[in-house]
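Undergrad:
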Amino acid sequence: MCGIVGMVSPSPLPEGWGEDLQKMNRALTHRGPDDFGYFWEGPALAKPLQTLDAQARPRAAFGHRRLSILDLSEAARQPMVREKGKIFLAYNGEIYNFRELREELTKGGAVFQTASDTEVFLEAYRAWGIQCVEKLRGIFAFALADLRKNRVFLARDHLGVKPLYYTRRSGLFYFASELKAFLTIKHFEADADFDALRQYLQFLWIPGEQTGLKNIFKLEPATLLTFDLNTGETSQSTYWSPFDCRGERQAGGLPALRENLARAVREELVSDVPLGAFLSGGLDSSLVVALMQKTHQTFSIGYRKEDLAFDIVPDDLPFARQVSRALQIPHQEILLSPNVGELLPKVVWHLDEPLGDPAAVSSYLICEAAKKNGLTVMLSGMGGDELFAGYPRQKALVYAQYFRKMPKLFTQTIQCLSDSLPGAGKSRRAKWGRSLKKFLKGMDGDSLQHYIAMESYFLPTEHPALLAGDGPWQNGAGGTEATHQKITNKINGLSPIAPLRQALLLDLVTYLPCLNLAYTDKTSMANGIEVRVPFLDIELVRLALQQAPDRLLRWRRGKLEGKWLLKKAAEPFLPSRIIWRKKAGFGAPVRSWLRGGLREMQRELLGANGLGKRGWFQKPAILKLQEEFFSGKEDHALKIWMLMSLELWTRQYIDR
405 MCGIVGMVSP SPLPEGWGED LQKMNRALTH RGPDDFGYFW EGPALAKPLQ
455 TLDAQARPRA AFGHRRLSIL DLSEAARQPM VREKGKIFLA YNGEIYNFRE
505 LREELTKGGA VFQTASDTEV FLEAYRAWGI QCVEKLRGIF AFALADLRKN
555 RVFLARDHLG VKPLYYTRRS GLFYFASELK AFLTIKHFEA DADFDALRQY
605 LQFLWIPGEQ TGLKNIFKLE PATLLTFDLN TGETSQSTYW SPFDCRGERQ
655 AGGLPALREN LARAVREELV SDVPLGAFLS GGLDSSLVVA LMQKTHQTFS
705 IGYRKEDLAF DIVPDDLPFA RQVSRALQIP HQEILLSPNV GELLPKVVWH
755 LDEPLGDPAA VSSYLICEAA KKNGLTVMLS GMGGDELFAG YPRQKALVYA
805 QYFRKMPKLF TQTIQCLSDS LPGAGKSRRA KWGRSLKKFL KGMDGDSLQH
855 YIAMESYFLP TEHPALLAGD GPWQNGAGGT EATHQKITNK INGLSPIAPL
905 RQALLLDLVT YLPCLNLAYT DKTSMANGIE VRVPFLDIEL VRLALQQAPD
955 RLLRWRRGKL EGKWLLKKAA EPFLPSRIIW RKKAGFGAPV RSWLRGGLRE
1005 MQRELLGANG LGKRGWFQKP AILKLQEEFF SGKEDHALKI WMLMSLELWT
1055 RQYIDR
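Each residue of the sequence shown is one higher than the last, beginning at 405 in this note's numbering.
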């Protein structure tokens, strides 16, 4: 993995461009601590440079930070150059089918100088043009300049595993693997995008191309952006869409699933540096570890009992221990006791965008531990829930179809029951209360509207009581609806498909890339760790999208069982008690943290010297959240965490 930066213009770059490019590149040192390089329009060379020519006035200039994974030699340095400097590539990621592409290209006459997948990508472009991106199977974000055609191309992988941001300022087009690189540009101003922040308040994260800062965008997954060096105009196109994978297979899925998952894991084990895996003891990570078929170090994390005093975070360590013993693999357990007050600002800085999921802290800590143990590459089970219906809200969507058919008296009784149950605490009644309240949100809408409501924290209907009426929000009122409306319109425009399939498509293009993959990339690369995700192999994704809903969710012992097909696929590899254990999410003990070490910090961040002085929120609404949470009346932990993260992000990215 690496970090890439660059600047492009139809006219020669202004004086001082080299200093800005160097600062942008240095801002991503954590993504590529092993090496760095630059290339720009002008030098008739075949290799990157480590010093910039201050007198040059190119139209395109790239920078690269390298985390060496494949071919550790200097020959694999980036930006990689061909055609005497007329083509150059800055690339972040891994191409897992690079060996078969290399063989195909060699038969066509290509001559290779390195063993890297970067060179395979570059030769694929020379042979097949930018359409070569459709042949790539892997995780990537890249910038490629072809001065012969006066074009610069940017693209991200199919699911958005690797990030890429861009912006226009003073006639220049900038791009970077992380948004923070833009803040190093001389005279760069960053202003809050309140349309985007409305979405953050609803979801904990920002869907679509927005980032929280005005006129700074993330390139969306499976998107190709073309910059015309003649005119300065840009255009975008998608080279793949999950909406096109609509056929449903009633049979033949199980053997193909096992075969594709085994192949994906096998391909993602290729590395010239130490490699390991995350192991939670859940189905997804355990299956990945079982299919690795080699002795690799695995890691699990847990929290101290005192950190779980007020929380419902499951203890994964006993299950991970069972898996490691059954598979006879090396395993390390890490009991965490972080100073969250010091850690949270650091994690918020690395996340780039407002992202209010405390799981990001756990992700940062386990990646930090893996790095300290000498590892550079880690395999993860991420993606299994989104593809094979593993989340409780996906089951709830199916239960809702039955609920809507019940007599009105019954549904009204359930609503009254929900109102009477406690919303906070660890008791069974409190857990039922939280689940029921979440289930009933948005029930008066259609299936997709209900699903979006279940994913929401501050619903749009709650915004008038939360947001300051005379604040900046009045000029940003349509973002939440616009982003999801565009996607739901697309889903509804497909030939009739089951509500579960609609929900899975929605998660695949919003929740997965904008939350889970976003925090995984940022927290892992903050520690110089590359995380690979076999479940998101594009062939495996295509296969999962073609499965009928009743092969994903199925009734078992009187209740819906999620990931049915994946669990059946796992039977030859894992003990039954692991396959059929209750779903446990990946999170952090945020409730205990807020009542303990973060209590004073949240008071300061949300008080008169924090959010209170910005004029964004109504003070009584914030006080009510705090009072209800600390009195034990309602579980507002994630809402408070979200607002704390927003204030920290604003201080670091806007106030500066």
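Idealized CB from N, CA, C, for every residue including glycine. Just so we're clear, the structure is a prediction, and the values are computed from it rather than from any experiment.
Can you list, in chain order, the residues of its chain with a C-beta nearer than 8 Å to that of Arg-552? Leave out the 5 residues immediately preceding and following it.
TA: Closer than 8 Å at the Cβ level, and outside the excluded window around Arg-552, lie Glu-487, Lys-490, Ile-491.
Undergrad: Using the C-alpha atoms, what's the distance from Asp-954 back to Ala-655?
TA: In this prediction, Ala-655 scores a pLDDT of 46, lower than 50, which makes its location untrustworthy; no coordinate-derived value is stated.
Undergrad: Mapping DSSP to helix, strand and coil, what is Phe-792?
TA: If DSSP states are grouped into helix, strand and coil, Phe-792 belongs with the helices.
Undergrad: Buried or exposed: where does Gly-436 fall if 16 or more other Cβ atoms within 10 Å of its Cβ makes it buried?
TA: When all chains shown are included, Gly-436 counts as buried.
Undergrad: For Met-696, which of Ser-728, Tyr-707, Arg-470, Glu-710 has the nearest alpha-carbon?
TA: When each option's Cα is compared against that of Met-696, the closest is Ser-728.
Undergrad: Return the Cβ separation of Trp-609 and Leu-759 in integer angstroms, given the expectation that the two are a contact with Cβ distance under 8 Å.
TA: Indeed they touch by this definition, with Cβ atoms about 5 Å apart.
Undergrad: Fully enclosed by the region 723 to 801, which alpha helix (DSSP H) runs are 4 residues long or longer?
TA: Here the runs fully enclosed are 744 to 755, 763 to 776, 788 to 792.
Undergrad: From this set, Ile-983, Ala-973, Gly-1014, which residue's C-alpha is nearest Ala-660's C-alpha?
TA: Nearest of Ile-983, Ala-973, Gly-1014 to Ala-660, Cα basis: Ala-973.
Undergrad: Distance, Cα to Cα, Ser-645 vs Asn-896?
TA: Rounded to the nearest angstrom, the two C-alpha atoms are 15 Å apart.
Undergrad: The beta strand (DSSP E) spanning Phe-990 covers which residue range?
TA: Counting along the chain, Phe-990 falls outside any beta strand (DSSP E), and DSSP gives it neither H nor E.
Undergrad: Could you tell me the distance, in whole angstroms, from the CA atom of Arg-1060 to the CA atom of Pro-796?
TA: Arg-1060 and Pro-796: Cα-Cα distance of roughly 40 Å.
Undergrad: Taking contact to mean at least 3 C-beta pairs separated by less than 8 Å, is the region 439 to 455 in contact with the region 942 to 956?
TA: Contact between the region 439 to 455 and the region 942 to 956 is absent, because fewer than three Cβ pairs lie under 8 Å.
Undergrad: Which residue or residues does DSSP assign as beta-bridge partners of Gly-827?
TA: Beta-bridge pairing links Gly-827 to Glu-1038.
Undergrad: Note down, in chain order, each residue of its chain lying with its Cβ closer than 7 Å to the Cβ of Asn-554, except the 5 sequence neighbours on either side.
TA: Hits under 7 Å: Asp-632, Leu-633, Asn-634.
Undergrad: Mark Val-994 as exposed unless 16 or more other C-beta atoms lie within 10 angstroms of its C-beta, in which case mark it buried.
TA: Answer is buried; the Cβ neighbour count reaches 16.
Undergrad: Report the CB separation of Val-802 from Leu-904 in whole angstroms; it is logged as a contact under 8 Å.
TA: With a Cβ gap of about 6 Å, Val-802 and Leu-904 count as contacting.
Undergrad: Which whole runs of the alpha helix (DSSP H) in the region 411 to 490 are 4 residues long or more, in chain order?
TA: Fully enclosed alpha helix (DSSP H) runs of 4 or longer: 421 to 430.
Undergrad: Expressed to the nearest angstrom, what Euclidean distance is found between the alpha-carbon atoms of Trp-753 and Phe-939?
TA: Rounded to the nearest angstrom, the two C-alpha atoms are 28 Å apart.
Undergrad: What's the call for Trp-1020, buried or exposed, on a 16-neighbour Cβ count within 10 Å?
TA: It is buried - the Cβ of Trp-1020 has at least 16 other Cβ atoms within 10 Å.
Undergrad: Nearest CA to the CA of Phe-843: which residue from Trp-877, Arg-808, Leu-870?
TA: Residue Arg-808 is the option with its Cα nearest to Phe-843.
Undergrad: Give me the Cα-Cα distance between Leu-791 and Glu-423, rounded to the nearest whole angstrom.
TA: If I take the Cα positions, the gap works out to 44 Å.
Undergrad: DSSP three-state label for Gln-654, please.
TA: Note on Gln-654: pLDDT 49, under 50, position unreliable in the model; no value is reported.
Undergrad: Please return the same chain residues whose Cβ sits closer than 8 Å to the Cβ of Tyr-923, not counting the five positions on each side in sequence.
TA: Only Leu-755, Leu-759, Asp-761, Ala-763, Ala-764, Ser-767 meet the Cβ criterion.
Undergrad: In three-state DSSP terms, what is Tyr-640?
TA: The amino acid at residue 640 is misidentified as Tyr; the sequence shows Gln. Reduced to three states, the DSSP call for Gln-640 is strand.
Undergrad: Rounded C-beta distance between Gln-568 and Lys-622? I'm assuming under 8 Å.
TA: Checking the sequence, you will find Leu at residue 568 rather than Gln. At roughly 7 Å, the Cβ-Cβ gap stays under 8 Å, so Leu-568 and Lys-622 are in contact.
Undergrad: Taking one C-beta from the region 768 to 777 and one from the region 702 to 720 each time, how about it: are there three or more such pairs within less than 8 Å?
TA: Touching, yes.
Undergrad: Counting pairs of beta carbons, one from the region 849 to 867 and one from the region 596 to 606, are three or more of them closer than 8 Å?
TA: Yes, the region 849 to 867 touches the region 596 to 606.
Undergrad: Between which two residues does the alpha helix (DSSP H) carrying Glu-965 extend?
TA: Run containing Glu-965: none in the alpha helix (DSSP H); it sits in the beta strand (DSSP E), 963 to 965.
Undergrad: Would DSSP call Val-621 helix, strand or coil?
TA: A small correction: the amino acid at residue 621 is Phe; Val does not occupy that position in the sequence shown. Reduced to three states, the DSSP call for Phe-621 is strand.
Undergrad: Thinking just about the alpha-carbon of each residue, which of Lys-1037, Pro-1024, Leu-425, Glu-757 is nearest to the one in Pro-917?
TA: The candidate whose alpha carbon is nearest that of Pro-917 is Glu-757.
Undergrad: Out of curiosity, what's the CA-to-CA distance linking Phe-607 and Asp-550?
TA: Approximately 39 Å, taken between the alpha carbons.
Undergrad: State whether the region 713 to 732 contacts the region 685 to 696, with contact taken as three or more CB pairs (one from each stretch) at a distance under 8 Å.
TA: Segments in contact, yes.
Undergrad: By DSSP, does Arg-1060 sit in helix, in strand, or in coil?
TA: Correct three-state label for Arg-1060: coil.
Undergrad: Using 10 angstroms around the beta-carbon of Tyr-529, count the other beta-carbons present and answer buried if the total reaches 16, otherwise exposed.
TA: When all chains shown are included, Tyr-529 counts as buried.
Undergrad: Hey, quick one: how far does the alpha helix (DSSP H) through Glu-504 stretch, first residue to last?
TA: Looking at the DSSP string, the run of the alpha helix (DSSP H) that includes Glu-504 is 502 to 511.
Undergrad: Report buried or exposed for Gly-533, applying the criterion of at least 16 other Cβ atoms within 10 angstroms of its Cβ.
TA: By the 10 Å Cβ count, Gly-533 comes out exposed.
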